[in-house]
Amino acid sequence: MTRSARSVAGMSLTTETDELRARLGGQVILPGDPGYDEARAVHNAMIDKRPAVIARCGSVADVGAALDFARTANLSVAVRGGGHNGPGFGTVEGGLVIDLSPMNGIDVDPDRRAVRVQGGATGGQVDAATHAHGLATPTGIISTTGIGGLTLGGGHGYLSRKHGLTIDNLLQAEVVLADGRVVTASESERPDLFWALRGGGGNFGVVTSFTFRLHPVHSVIGGATAWPASATADILRWYRDFIPAQDEDLYGFFAAMTVPPVAPFPEAFHLHKACAVVWCYTGDPARADEAFAPVRQMEPAFDGLGAAPYPALQSAFDGLYPRGLQWYWRGDFFRTVADGALQAHARFTEELPTMHSTMHLYPVDGAVHRVGQTDTAWAYRDVNFSQVIAGVDPDPANAEALRRWTVDYWDATHPYSAGGAYVNFMMDEGQDRVRATYGPNYRRLSEVKAEYDPGNVFRINQNIQPAPSAQQR
Numbered sequence: 001m002t003r004s005a006r007s008v009a010g011m012s013l014t015t016e017t018d019e020l021r022a023r024l025g026g027q028v029i030l031p032g033d034p035g036y037d038e039a040r041a042v043h044n045a046m047i048d049k050r051p052a053v054i055a056r057c058g059s060v061a062d063v064g065a066a067l068d069f070a071r072t073a074n075l076s077v078a079v080r081g082g083g084h085n086g087p088g089f090g091t092v093e094g095g096l097v098i099d100l101s102p103m104n105g106i107d108v109d110p111d112r113r114a115v116r117v118q119g120g121a122t123g124g125q126v127d128a129a130t131h132a133h134g135l136a137t138p139t140g141i142i143s144t145t146g147i148g149g150l151t152l153g154g155g156h157g158y159l160s161r162k163h164g165l166t167i168d169n170l171l172q173a174e175v176v177l178a179d180g181r182v183v184t185a186s187e188s189e190r191p192d193l194f195w196a197l198r199g200g201g202g203n204f205g206v207v208t209s210f211t212f213r214l215h216p217v218h219s220v221i222g223g224a225t226a227w228p229a230s231a232t233a234d235i236l237r238w239y240r241d242f243i244p245a246q247d248e249d250l251y252g253f254f255a256a257m258t259v260p261p262v263a264p265f266p267e268a269f270h271l272h273k274a275c276a277v278v279w280c281y282t283g284d285p286a287r288a289d290e291a292f293a294p295v296r297q298m299e300p301a302f303d304g305l306g307a308a309p310y311p312a313l314q315s316a317f318d319g320l321y322p323r324g325l326q327w328y329w330r331g332d333f334f335r336t337v338a339d340g341a342l343q344a345h346a347r348f349t350e351e352l353p354t355m356h357s358t359m360h361l362y363p364v365d366g367a368v369h370r371v372g373q374t375d376t377a378w379a380y381r382d383v384n385f386s387q388v389i390a391g392v393d394p395d396p397a398n399a400e401a402l403r404r405w406t407v408d409y410w411d412a413t414h415p416y417s418a419g420g421a422y423v424n425f426m427m428d429e430g431q432d433r434v435r436a437t438y439g440p441n442y443r444r445l446s447e448v449k450a451e452y453d454p455g456n457v458f459r460i461n462q463n464i465q466p467a468p469s470a471q472q473r
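The sequence shown begins at 1 in UniProt numbering and counts up by one.
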């Protein structure tokens, strides 16, 4: 064991780490160990933190042992599933990382139309398992994203207009609490915790398994239609009015993009700035041409629509956004795209700083609106769009340019927003921003936090502060 592994802030960890190795069925990785640098890396290469200990957990008991170790050693705790979190909350400087990635088991019950998923699985693993039965649950659009962080933040994607958010399809969760207890949360068991888990992020415990409702989904009609960047204002104006008026079988998110130099885009379009809509139609295939007729009336310069297995659409962007890129993003919710914002969108599309940088505007209407504002922790049930602005590039030398473009774009459009953002599209932006994101639900969330994590052990996240006790008030 190396010196850096033995001591953190002057405290010897030799005894504690030896005990952890003895208790853990998974793997304990320390600074200096083979594979440490790979194990500490997260999806966003802007994040460069050096944990004192990484516990790769293979079981619920391993998670409990890791939490016991952190408590004994007085270490901060970060929990990692897929490691996609933008501000890097899946790691921590000088603390303990609970890495759930080995816990990726999936059990599909096609008769019940339900799936039980361990907390370290990715969306792609879930899609593959459920697709074998012609079923799916709403998740995100990058299949390497961890199902845990996606779900706890809310989760939206191609199926959300028809079937709601990921949390709207959550039936049950198994949770390891800060004190090591293992509990079940559902509508009938610990409903306060179940309410908070549905959008409240990783504030309340380590979720070691999720059970989701499934829906019949097999092949879809999907792909992108794209227009030159010069058409951005006109296409975005059309899109903002078009998509909320459509049947919920039709989903499409708007994107500002630089056309990548790959198929199926024609070579003449490669590396040109563009605006696009990426579509997913889950209705009757015989009616697909009718559904897309208004889209084609807008005369896209590129039409990539076609039939595909649902997991193929879900993973279409994986190659463009591999692990190890520099990421900086900002998000907001919008009730509409204001006329006053259209020119800002057009300008920043023309000014995209790198090929990977983008802006996505996701529809969160339809079934999402049929859940009440206080029925889950996700408060923004009356908005139509969830926006993310993402500066992305492989070269660290471009990091400042990515930040500048992202923040300038966000500053130009935020005044038109509903005030808060999808928690999974935020950087580390402070308590005021967290409170704005949870709105009227923040107080109840803080009370649930005080019940289940009064010591704020789970604070490496978009943190919800525990409500003060009666003695403290």
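C-beta atoms are modelled at their ideal positions from N, C-alpha and C, and glycine is treated no differently.
Next on the checklist: Distance check for Thr413 and Glu451, CA to CA, integer angstroms please.
Outcome noted: Distance between the alpha carbons of Glu451 and Thr413: 38 Å.
Checklist entry - With burial defined as no fewer than 16 other Cβ atoms inside 10 Å of the residue's Cβ, what is the status of Val388: buried or exposed? => result Val388 counts as buried, since at least 16 other C-beta atoms from the protein chains shown sit within 10 angstroms of its C-beta.
Next on the checklist: So, at 6 Å on beta carbons, what are the nonlocal neighbours of Asp62 in its own chain, with the 5 sequence-adjacent residues on each side left out?
Outcome noted: If the five residues before and after Asp62 are omitted, its C-beta is found closer than 6 Å to the C-beta atoms of Leu24, Gly25, Gly26, all from its own chain and listed in chain order.
Checklist entry - Are the Cβ atoms of Thr137 and Thr184 separated by less than 8 Å? => result The answer is no: Cβ separation not under 8 Å.
Checklist entry - Nearest to Pro394 by CA position, among Met355, Met426, Thr374, Thr130, is which residue? => result The residue with the shortest Cα to Cα distance from Pro394 is Met355.
Next on the checklist: Using a 10 Å radius around the Cβ and a threshold of 16 neighbouring Cβ atoms, would you call Asp241 buried or exposed?
Outcome noted: By the C-beta density criterion, Asp241 is exposed, having fewer than 16 other C-beta atoms within 10 angstroms.
Checklist entry - Are there 16 or more other CB atoms within 10 angstroms of the CB of Gln326, so buried, or fewer, so exposed? => result Gln326 is buried by the Cβ-count criterion.
Checklist entry - Does the Cβ-Cβ distance between Val423 and Gly154 come in under 8 Å? => result Taking 8 Å as the cut-off, the Cβ atoms of Val423 and Gly154 count as close.
Next on the checklist: Whole angstroms are fine: how far does the CA of His272 sit from the CA of Phe254?
Outcome noted: Their Cα atoms are separated by approximately 17 Å.
Next on the checklist: By the three-class DSSP mapping on this structure, what secondary structure does Pro261 have?
Outcome noted: In this structure, Pro261 counts as coil in the three-state DSSP scheme.
Checklist entry - DSSP state of His272, grouped into three classes? => result The answer is coil: DSSP assigns His272 none of H, G, I, E or B.
Next on the checklist: Do Thr232 and Cys280 have their beta-carbon atoms positioned less than 8 Å apart in this structure?
Outcome noted: No, the Cβ-Cβ distance between Cys280 and Thr232 is not below 8 Å.
Item to check | Burial state of Ala74, where buried means 16 or more other Cβ atoms lie within 10 Å | outcome: Reading off the sequence, residue 74 comes out as Asn, not Ala. Counting Cβ neighbours within 10 Å, Asn74 comes out exposed, since fewer than 16 surround it.
Next on the checklist: When you compare the CB positions of Thr91 and Arg40, do they come within less than 8 Å of one another, or not?
Outcome noted: Between Thr91 and Arg40, the C-beta spacing is below 8 Å.
Next on the checklist: So, with DSSP's three-state summary, where would you put Ala128?
Outcome noted: Taken through DSSP and simplified to helix, strand or coil, Ala128 comes out as helix.
Checklist entry - Going straight from the alpha carbon of Gly455 to that of Gly149, what length do you get? => result For Gly455 and Gly149, the distance between alpha carbons rounds to 21 Å.
Item to check | Any non-hydrogen atom of the ligand GTP within 7 Å of Phe458 CB | outcome: Among the ligands in the structure shown, none appear at all, so the ligand GTP cannot be discussed.
Checklist entry - Can you tell me whether DSSP reads Asn74 as helix, strand or coil? => result Correct three-state label for Asn74: coil.
Checklist entry - Just the Cα atoms here: how many angstroms apart are Asp111 and Leu135? => result Distance between the alpha carbons of Asp111 and Leu135: 11 Å.
Checklist entry - Just checking, does the region 200–213 make contact with the region 110–126 on the three C-beta pairs under 8 Å criterion? => result Cβ pair count under 8 Å is three or more, so yes.
Checklist entry - For Trp279, which of helix, strand or coil comes out of DSSP? => result Strand, per DSSP.
Item to check | Proximity to Arg237 [Cα-Cα], best of Ala346, Asp284, Val278 | outcome: When only C-alpha atoms are compared, the closest one is Ala346.
Checklist entry - Roughly how many angstroms lie between the CA atoms of Ala22 and Val28, to the nearest whole one? => result In this structure, the alpha-carbon of Ala22 lies about 10 Å from that of Val28.
Item to check | Identity of the residues DSSP links to Glu299 by a beta bridge | outcome: Note: Glu299 sits in no beta bridge, so no partner.
Checklist entry - From this set, Leu13, Ala128, Val368, Gly95, which residue's C-alpha is nearest Ala312's C-alpha? => result Measuring from the Cα of Ala312, the nearest candidate turns out to be Ala128.
Item to check | Endpoints, the alpha helix (DSSP H) within which Ser446 is located | outcome: Judged by DSSP secondary structure, Ser446 falls within the alpha helix (DSSP H) whose first and last residues are 442–452.
Checklist entry - Met359 bridges to which residues according to DSSP? => result Checking the DSSP bridge columns, you'll see Met359 partnered with Ala256, Ile389.
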